[in-house]
Amino acid sequence: MPTIVVGTAGHIDHGKTTLLRALTGIDADRLPEERERGMTIDVGFAHLDFEDGTSLDFVDVPGHDRLVGNMLVGAGEIDAALLVVAANDGPRAQTIEHLELLDALEIRDGIVVVTKVDAVPPDRVAAVVEAAGALVAATSLAGSPIVTASAVSGEGIEALAQLLRELARRVETRALTRPAGPGRLAIDRAFEVRGRGVVVTGTLRGRSLATGDRLRLEPGEAEGRVREVQVHGGARPSHDGGRTALNIVGFEADLPRRGAVLTAGPGIEATDRLLVSLRPATVLRGHQETGAGHRLPPDGARLRLHLGTEQVDAIVGRRGLASPELPGGAVTAIVRLGAPVATFVGDRGVLRQSSPSEAVAGVRVLDPHPPKRVSRRRVTAERQAALVAAIEDADTDAASEALVGLHGAIEARRIAAAAAALAGLAMRASVIGSPPTGGGDPAAPPPGSGLLLAADVASALEGRAEALVVAHHEADAASAGLPLQELRTGLGVALRRLATIDRSMSGDAARAIGRVIDNLIARDRFAREGDRVRDAHRSAGPPPELAAAMDRLEVLLAVAAPPPLAEAVAAAGCSAEGVRALVTAGRIVRISTDLAWASPTYHELAGRALSLARRQPLSPAAFRDATGTSRKYVLAILEDLDRRGILERTAAGHIAGPRAPRHAPRPAAEPAAGSAS
Numbered sequence: 001m002p003t004i005v006v007g008t009a010g011h012i013d014h015g016k017t018t019l020l021r022a023l024t025g026i027d028a029d030r031l032p033e034e035r036e037r038g039m040t041i042d043v044g045f046a047h048l049d050f051e052d053g054t055s056l057d058f059v060d061v062p063g064h065d066r067l068v069g070n071m072l073v074g075a076g077e078i079d080a081a082l083l084v085v086a087a088n089d090g091p092r093a094q095t096i097e098h099l100e101l102l103d104a105l106e107i108r109d110g111i112v113v114v115t116k117v118d119a120v121p122p123d124r125v126a127a128v129v130e131a132a133g134a135l136v137a138a139t140s141l142a143g144s145p146i147v148t149a150s151a152v153s154g155e156g157i158e159a160l161a162q163l164l165r166e167l168a169r170r171v172e173t174r175a176l177t178r179p180a181g182p183g184r185l186a187i188d189r190a191f192e193v194r195g196r197g198v199v200v201t202g203t204l205r206g207r208s209l210a211t212g213d214r215l216r217l218e219p220g221e222a223e224g225r226v227r228e229v230q231v232h233g234g235a236r237p238s239h240d241g242g243r244t245a246l247n248i249v250g251f252e253a254d255l256p257r258r259g260a261v262l263t264a265g266p267g268i269e270a271t272d273r274l275l276v277s278l279r280p281a282t283v284l285r286g287h288q289e290t291g292a293g294h295r296l297p298p299d300g301a302r303l304r305l306h307l308g309t310e311q312v313d314a315i316v317g318r319r320g321l322a323s324p325e326l327p328g329g330a331v332t333a334i335v336r337l338g339a340p341v342a343t344f345v346g347d348r349g350v351l352r353q354s355s356p357s358e359a360v361a362g363v364r365v366l367d368p369h370p371p372k373r374v375s376r377r378r379v380t381a382e383r384q385a386a387l388v389a390a391i392e393d394a395d396t397d398a399a400s401e402a403l404v405g406l407h408g409a410i411e412a413r414r415i416a417a418a419a420a421a422l423a424g425l426a427m428r429a430s431v432i433g434s435p436p437t438g439g440g441d442p443a444a445p446p447p448g449s450g451l452l453l454a455a456d457v458a459s460a461l462e463g464r465a466e467a468l469v470v471a472h473h474e475a476d477a478a479s480a481g482l483p484l485q486e487l488r489t490g491l492g493v494a495l496r497r498l499a500t501i502d503r504s505m506s507g508d509a510a511r512a513i514g515r516v517i518d519n520l521i522a523r524d525r526f527a528r529e530g531d532r533v534r535d536a537h538r539s540a541g542p543p544p545e546l547a548a549a550m551d552r553l554e555v556l557l558a559v560a561a562p563p564p565l566a567e568a569v570a571a572a573g574c575s576a577e578g579v580r581a582l583v584t585a586g587r588i589v590r591i592s593t594d595l596a597w598a599s600p601t602y603h604e605l606a607g608r609a610l611s612l613a614r615r616q617p618l619s620p621a622a623f624r625d626a627t628g629t630s631r632k633y634v635l636a637i638l639e640d641l642d643r644r645g646i647l648e649r650t651a652a653g654h655i656a657g658p659r660a661p662r663h664a665p666r667p668a669a670e671p672a673a674g675s676a677s
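1 is the number of the first residue of the sequence shown in the numbering used here; add one for each residue after it.
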């Protein structure tokens, strides 16, 4: 069962760490310097387990204004917030700044705690409760319950614990409605344990991780194996989500750094370019909201992006990108990063400026690998809006707990379809965690495959496939069908004209093309025989008129001394495609431009030549006398058998060659050299 991660927020010395100690019995200040100075410098951790099995992880963040970057390391991976305001101090600068950052991260679940109520009179407590309520009312935490408490006297601690239990249930239900995504852990700490190796901690998202799993580090692509999974200081065989410590074997170089991501399987690769939605950050001044928010960052703005546990320089690009109308004044943008980060569709972050220090916009990752080259032409406002809507809807509550699993699967399909529609295709693992079933849809990959085609791209490929097969039938009515490899090649060219295919996607693209063809066969629009594909509404053989002409030509060539091929073709009324079909089917053997035999006749003559050559060297004159033909025919047959190694020419005459069958009285039936095959 995953744990819920709750982050603290609030001004320095408002009692966040002391409150957690009263709730959990754990001191989240882990550094000696923190305990000595009585203030949190880096992110700290604690946990609270309830009797019903519900478990909360707390991320305690520093409240000092110079440590906002460290605060965002903790806040970047939380499910809910615990906003702490001291009754003796009231909302202060970092109360407001932290609340603005939580709003930018769109943290919707939380509790406001007014602490130190034992140190002030009741009317002061009431005033601070009112002020705190006014602040949160203008943010994503609007409607959050407010509780008063004292870590010293214990007042309100039990009530806070009850509210936290209810918060956990609410967040847990919402989390279960979301697509899981690949298993991933954003690292916030990494250290070595003597005799054990590397240990990393962070918040686990997506699929569960277990002992023995192979993990990849992004950025960097180093690989390691999970030796042990620990949750709350105890070893477990696996963990479904929440605060997790992993003992990793295999990282022999430098320790993994804060901000990197450990992931299992495909789906998360480091990128330095993101398609995002930007939501103006809420501005709080004098404990009042003074407007709808900051103006959005202009094109080319240089800011700092905080995403997960990473922070990196970023340049916002909005020029040339059709911007849809999004709720809350949000827009879309391409963000170019100063260094690669590992992220996932739907991840939230914050864009900040350093002077003055403030949040500029909330960030939502729409596509970690934005469309480029050919696919960029598909990036319309409507398609961007559809992707934003699919991702946003995945955050809403399910109608009931009974529908949670179904809801998550539906939302996963919507996100996948919208992402594919935007670029023409999408790697399934980079969009959703569990694959949607194909269900006869050429756009949808079956479980375990990678590439999802946009519906219009799949439809266009189907149309192109039908056009290629029809054109082949029109050019060669006698053909059994278009060779499958030619069809695949043609569709590969078509797909690259519709969407950008990176080199790493080539294998997945080939499999996607195969699904398109298989789907046409399954729907009885194509029929496949061997390595050829034909229109399912055409008979397997040539049209009746052509078949009759082919039969007549075969009869004309079933003699030891056949007429010239052109003359026989004219007499039989057979077209060139009929001749090709006869050769391909092995019904005639064509050994030169104007000389051919019906296959049984040719093989009988070739067999007689081999039989004579095994008795004694065979001369053209002897073969002519044995067949009752002319020198023209026997020389052509002997030369053909020499070329194929059935016979071998010597000074004394033709003898059995190296490829002559040992026991057969005549050569095996195969098209002669020089035949049109």
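Every residue gets a Cβ at the ideal spot worked out from N, C-alpha and C, and that includes glycine.
Distance CB(residue i)-CB(residue j) smaller than 9 Å
i	j	result
Ala151	Thr18	yes
Glu77	Val125	no
Ala419	Asp347	no
Arg608	Pro620	no
Val128	Gly90	yes
Thr500	Ala423	yes
Ala455	Ala412	no
Leu99	Leu83	yes
Gly317	Gly300	yes
Asp103	Ala359	yes
Euclidean distance between Cα positions of residue i and residue j
i	j	result
His537	Ser238	55 Å
Gly7	Pro182	23 Å
Pro661	Leu638	16 Å
Ile107	Leu48	20 Å
Arg414	Ser357	37 Å
Glu554	Leu595	13 Å
Ser611	Tyr602	14 Å
Leu284	Ile96	7 Å
Val579	Ser599	13 Å
Ala689	Gly450	The shown model of the chain, from 1 to 677, leaves out residue 689, and the question about it has no answer.
Ile146	Arg352	28 Å
Leu452	Leu20	46 Å
Leu495	Leu255	42 Å
Leu498	His472	23 Å
Gly133	Ala426	44 Å
Asp13	Gly267	41 Å
Contacts around residue i, its chain only, beta-carbon distance under 6 Å, and the 5 residues preceding and following it disregarded
i	result
Asp313	Gly338
Ala390	Arg414, Ile415 and Ala418
Ala236	Here residue 236 is Arg; the residue named in the question, Ala, does not match the sequence. Only Val229 meet the Cβ criterion.
Ala381	Ala322 and Pro324
Same chain only: Cβ atoms within 7 Å of residue i, ignoring 5 sequence neighbours per side
i	result
Arg543	The sequence shown places Pro at residue 543, not Arg. Correct list, in chain order: Ala477.
His232	His47
Arg165	Phe50 and Thr54
Reduced DSSP secondary structure (H/G/I, E/B, other) of residue i
i	result
Thr8	strand
Arg225	strand
His98	helix
Thr148	strand
Leu546	helix
Gly234	strand
Glu166	helix
Arg503	helix
Asn247	strand
Gly686	This structure gives no information on residue 686, because the portion of the chain shown stretches from 1 to 677.
Asp272	strand
Gln353	strand
Gln616	coil
Ser693	Nothing about residue 693 can be reported from this structure: the residues present for the chain run from 1 to 677 only.
Gly490	helix
Arg296	Residue identity differs from the one stated: residue 296 is Leu in this sequence, not Arg. Leu296: coil per DSSP, three-state reduction.
Cβ neighbours of residue i in the same chain (closer than 8 Å, five flanking residues each side left out)
i	result
Arg687	Since the displayed the chain opens at 1 and closes at 677, residue 687 lies outside it and no answer follows.
Ala385	Pro324, Glu325 and Leu326
Ala510	Arg488 and Gly492
Val469	Gly481, Leu482, Leu487, Phe526, Val533, Arg534 and Asp535
Residue i at chain C interface by Cβ criterion, 9 Å
i	result
Leu491	Looking for chain C here will not work: only one protein chain is present.
Presumed contact (8 Å Cβ cut-off) between residue i and residue j, rounded CB distance
i	j	result
Ser277	Ala322	About 13 Å separates the two Cβ atoms, so there is no contact after all.
beta-carbon residue i near the ligand FAD non-hydrogen atom, thresh 8 Å
i	result
Ala168	Although the ligand FAD was asked about, the structure shown includes no ligands whatsoever.
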